[in-house]
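In my numbering, the protein residues as written are 33 to 457.
For each residue, glycine too, the CB sits at the ideal point set by N, CA and C.
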């Protein structure tokens with residue numbers, strides 16, 4: 033099978049490396065589609081993934097590496113604003129190190145594709161060509177999240193192809209509403225349904241030779257009319273304007289490998305998270321009660337947790353013995369937390385001290401996104417009640433907060449909330 037990206041036509045241009053960009057709101061299934069491409073690739077065809085993650089929880093990158101995809105992570109910022117410039121370095125590094133047939137860029141949920149496309153086009157002399165911009169739309173949830181996210185609307189408006197996911201189980205009437213809404217934003221781009229059990233065909237999404245975001249013309253970076261449209265909402269505060277985010281870390285004894293949290297208890301907690309509040313939860317946690325492969329015995333293991341709009345998967349990673357020395361607790365509560373906006377933290381830690389807990393290692397590390405301000409305490413207590421120490425970094429649309437503890441949280445949720453309220457007085 034001949035794939036676009038190494039066709040004679042491409043090779044005649046000097047053997048450029050084609051770049052495909054995936055956009056889409058958090059939790060819509062971008063990584064799932066990218067991983068499914070592996071099943072359709074011919075032997076010897078190699079692509080690399082440039083992955084933009086919220087915070088520094090490299091969950092999807094870990095999954096991709098387990099499937100032998102070379103990954104370059106770009107964290108703690110957005111490719112379309114904070115990490116402008118670093119993306120070019122990442123592309124050049126991937127090309128030099130792996131010489132792939134194609135590079136796929138997976139953006140964060142709040143990234144506008146324009147600045148990303150312009151950066152790729154500016155690397156034409158380095159052998160890169162922008163092939164396509166693809167937008168993934170979650171049919172179950174699009175009409176809800178697109179109301180709150182101007183960026184989600186822009187992603188659907190400026191794309192070569194719309195990939196419609198999670199359409200199974202959606203009524204015909206609701207599906208028509210989603211397609212009508214997408215057509216209102218973008219009439220010209222084809223809309224294609226993506227099935228869970230059927231990999232996306234490379235012939236469908238590769239070789240599109242996009243004309244979007246060329247360096248000259250109506251969508252050029254120096255076109256004032258176009259920039260005025262983007263500036264309506266598209267500033268460097270766009271993450272904060274559209275999503276609340278929380279990063280929760282919990283710590284346990286360095287010598288304990290049993291796991292503080294039981295699988296069944298953790299899944300019960302996940303089941304209480306309303307999809308209208310929690311759009312996305314992803315990260316790592318050490319869980320007990322994990323069934324051993326080919327046995328009825330249970331064990332503990334570090335697991336990858338992927339939760340999106342009320343559905344989740346928990347994948348044990350037996351070869352992962354710890355969450356990395358770079359994730360261990362440090363003296364600064366926000367040592368690795370960088371955002372697209374000014375930070376105004378209010379430290380709230382009735383249980384916390386400022387000395388380093390040398391006997392504690394990371395047992396849980398999550399990024400949570402959605403409408404979270406009203407359920408902050410529920411999320412902290414639900415994640416942290418089993419741990420002797422932890423921290424929660426909260427970035428809400430209207431405020432920021434840091435909650436820390438270095439001894440067990442109160443025995444009941446109501447006691448925890450009362451303690452938090454008292455600490456603010």
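In chain order, what residues of the same chain have a beta carbon less than 8 Å from the beta carbon of residue 51, not counting five sequence neighbours either side?
For the purposes of this step, residue 51 is identified with residue 19 of the chain shown, where counting begins at 1. Cβ within range, chain order: 123, 134, 135, 136, 137, 152, 160, 161, 162 and 163.
What are the start and end residues of each continuous alpha helix (DSSP H) run of 4 or more residues lying completely inside the stretch 191-232, in chain order?
204-217
Could you tell me how far apart the beta carbons of residue 300 and residue 339 are, in whole angstroms, since I believe they sit closer than 8 Å?
On the chain shown, position 268 is the one that residue 300 refers to. On the chain shown, position 307 is the one that residue 339 refers to. Contact doesn't hold; Cβ gap of about 13 Å is too wide.
In the DSSP assignment, the beta strand (DSSP E) including residue 423 goes from what residue to what residue?
Here the question's residue 423 lines up with position 391 in the chain shown. Residues 421-427.
Might you give, ordered along the chain, the residues of its own chain that have their beta carbon closer than 8 Å to the beta carbon of residue 211, omitting 5 neighbours on each side?
Here residue 211 is taken as the residue at index 179 of the chain shown, counted from 1. When the five nearest sequence neighbours on each side are left out, the beta carbons in the same chain lying within less than 8 Å of the beta carbon of residue 211 are those of 196 and 223, in order along the chain.
Please work out which residues of its chain come closer than 8 Å, Cβ to Cβ, to residue 178, disregarding the five sequence neighbours upstream and downstream, and give them in chain order.
Position 146 of the chain shown, counting from 1, holds the residue named residue 178. So the list reads 57, 184, 185, 188 and 213, once near-sequence residues are dropped.
With a 10 Å radius around its C-beta and 16 neighbouring C-beta atoms as the bar for buried, classify residue 453 as buried or exposed.
Here residue 453 is taken as the residue at index 421 of the chain shown, counted from 1. Exposed.
Closest to residue 349 by CA distance: which of 355, 342 and 335 is it?
Position 317 of the chain shown, counted from the start, is the residue given in the question as residue 349. Cα-wise, what sits closest to residue 349 is 335.
Three or more C-beta pairs closer than 8 Å, one from the stretch 63-79 and one from the stretch 225-232: is that the case here?
Per the Cβ contact rule, the stretch 63-79 is in contact with the stretch 225-232 (3 or more Cβ pairs under 8 Å).
Tell me, please, whether the CB atom of residue 425 is closer than 8 Å to any CB atom in chain C?
Although the question refers to chain C, the structure presented lacks it and comprises just one protein chain.
Between residue 154 and residue 119, what straight-line distance do the alpha-carbon atoms span, to the nearest angstrom?
As a working note, residue 154 is residue 122 in the chain shown. As a working note, residue 119 is residue 87 in the chain shown. Near 12 Å, if we compare the C-alpha coordinates of residue 119 and residue 154.
Please tell me whether residue 244 and residue 142 are closer than 8 Å, where the distance is taken between their beta carbons.
Counted from its first residue, the chain shown places residue 244 at position 212. Counted from its first residue, the chain shown places residue 142 at position 110. Not in contact: residue 244 and residue 142 (Cβ atoms no closer than 8 Å).
If I follow the unbroken beta strand (DSSP E) through residue 335, where does it start and stop?
Taking the chain shown and counting its residues from 1, one reaches residue 335 at position 303. Per DSSP, residue 335 belongs to the beta strand (DSSP E) from 330-340.
How long is the line joining the alpha carbons of residue 257 and residue 217, rounded to whole angstroms?
Position 225 of the chain shown holds residue 257. Position 185 of the chain shown holds residue 217. Going by the C-alpha atoms only, they are around 18 Å apart.
If residue 293 sits next to residue 317, beta carbons under 8 Å apart, how far is it from one beta carbon to the other, in whole angstroms?
For the purposes of this step, residue 293 is identified with residue 261 of the chain shown, where counting begins at 1. For the purposes of this step, residue 317 is identified with residue 285 of the chain shown, where counting begins at 1. Residue 293 to residue 317, Cβ: 6 Å. Contact.
Can you tell me whether residue 76 is buried or exposed, with buried defined as 16 or more other CB within 10 angstroms of its CB?
Taking the first residue of the chain shown as 1, we reach residue 76 at position 44. By the neighbour-count rule (16 or more Cβ atoms within 10 Å), residue 76 is not buried but exposed.
Whole runs of the alpha helix (DSSP H) within the stretch 114-139, excluding any shorter than 4 residues:
Qualifying alpha helix (DSSP H) stretches, in chain order: 118-130.
Supposed close pair residue 277, residue 399 - CB separation, criterion 8 Å:
Along the chain shown, read from residue 1 onward, the residue named residue 277 stands at position 245. Along the chain shown, read from residue 1 onward, the residue named residue 399 stands at position 367. Indeed, because the Cβ distance is near 7 Å, the residues count as touching under 8 Å.
Can you tell me the Cβ-Cβ gap for residue 280 and residue 412, rounded? I've got them flagged as a contact below 8 Å.
In the chain shown, counting from the first residue as 1, residue 280 sits at position 248. In the chain shown, counting from the first residue as 1, residue 412 sits at position 380. Contact holds; Cβ gap of about 7 Å.
Coarse secondary structure for residue 456, derived from DSSP in three states:
For the purposes of this step, residue 456 is taken as the residue at position 424 of the chain shown. Correct three-state label for residue 456: coil.
Of all the options 190, 433 and 418, which has the alpha carbon lying nearest to the alpha carbon of residue 220?
Residue numbering aside, residue 220 sits at position 188 when the chain shown is read from its first letter. Distance check between residue 220 and each of 190, 433 and 418 places 190 closest, using alpha-carbon atoms only.
Quick check: the Cα distance between residue 255 and residue 156, rounded to an integer number of angstroms?
Counted from its first residue, the chain shown places residue 255 at position 223. Counted from its first residue, the chain shown places residue 156 at position 124. In a straight line, the C-alpha of residue 255 is about 20 Å away from that of residue 156.
State the DSSP-derived secondary structure class of residue 47, mapped to helix, strand or coil.
As a first step, residue 47 is located in the chain shown; it is residue number 15 there, counting from the start. The answer is coil: DSSP assigns residue 47 none of H, G, I, E or B.
Identity of the residues DSSP links to residue 347 by a beta bridge:
For the purposes of this step, residue 347 is taken as residue 315 along the chain shown, with counting starting at 1. Within the DSSP bridge table, the entry for residue 347 names 336 as partners.
Excluding sequence positions up to five away, which residues of its chain have a Cβ less than 6 Å from the Cβ of residue 407?
Counting from one through the chain shown, the residue named residue 407 turns up at place 375. Around residue 407: 309.
With a 10 Å radius around its C-beta and 16 neighbouring C-beta atoms as the bar for buried, classify residue 439 as buried or exposed.
Within the chain shown, numbered from 1, the residue matching residue 439 stands at position 407. Residue 439 should be labelled exposed.
Using the Cα positions of residue 449 and residue 158, report the straight-line distance between them to the nearest angstrom.
As a first step, residue 449 is located in the chain shown; it is residue number 417 there, counting from the start. As a first step, residue 158 is located in the chain shown; it is residue number 126 there, counting from the start. The straight-line gap from Cα to Cα measures roughly 55 Å.
Cβ-based burial, residue 433 [other Cβ within 10 Å; buried from 16]:
Within the chain shown, numbered from 1, the residue matching residue 433 stands at position 401. So residue 433 counts as buried.
Shortest alpha-carbon distance to residue 79 belongs to which of 298, 53, 169 and 396?
Here residue 79 refers to the residue found at position 47 when the chain shown is read from its first residue. Per the Cα distances, 53.
Taking the alpha carbon of residue 428 as the point to measure from, which residue in 442, 180 and 405 has its own alpha carbon closest?
Position 396 of the chain shown, counted from the first residue, corresponds to residue 428. It is 405 whose Cα lies nearest to the Cα of residue 428.
Take residue 435 as the anchor and find which of 423, 353 and 327 has the nearest alpha-carbon.
Reading the chain shown from its first residue, position 403 is the one you call residue 435. The shortest C-alpha separation from residue 435 is found at 423.
From the DSSP secondary-structure annotation, give me the bridge partner or partners of residue 282.
As a working mapping, residue 282 is identified with position 250 in the chain shown. In the DSSP output, where bridge partners are listed per residue, residue 282 has 396 and 422.
Label residue 167 either buried or exposed according to how many other C-beta atoms from any shown protein chain fall within 10 Å of its C-beta, with 16 as the threshold for buried.
By 1-based counting over the chain shown, the position of residue 167 is 135. Per the 10 Å Cβ criterion, buried.
Specify, as a first and last residue, the run of the beta strand (DSSP E) that residue 160 falls within.
Here residue 160 is taken as the residue at index 128 of the chain shown, counted from 1. Run containing residue 160: 160-170, per the beta strand (DSSP E) assignment.
Under the DSSP definition of a beta bridge, which residues are partnered with residue 315?
As a working note, residue 315 is residue 283 in the chain shown. Answer is 337 and 398.
Count the other CB atoms within 10 Å of the CB of residue 362; is the residue buried (16 or more) or exposed (fewer)?
Position 330 of the chain shown holds residue 362. Residue confidence for residue 362 is low, a pLDDT of 39 falling below 50, so the modelled location carries little weight; the figure read from the coordinates is stated next. Classification for residue 362: exposed.
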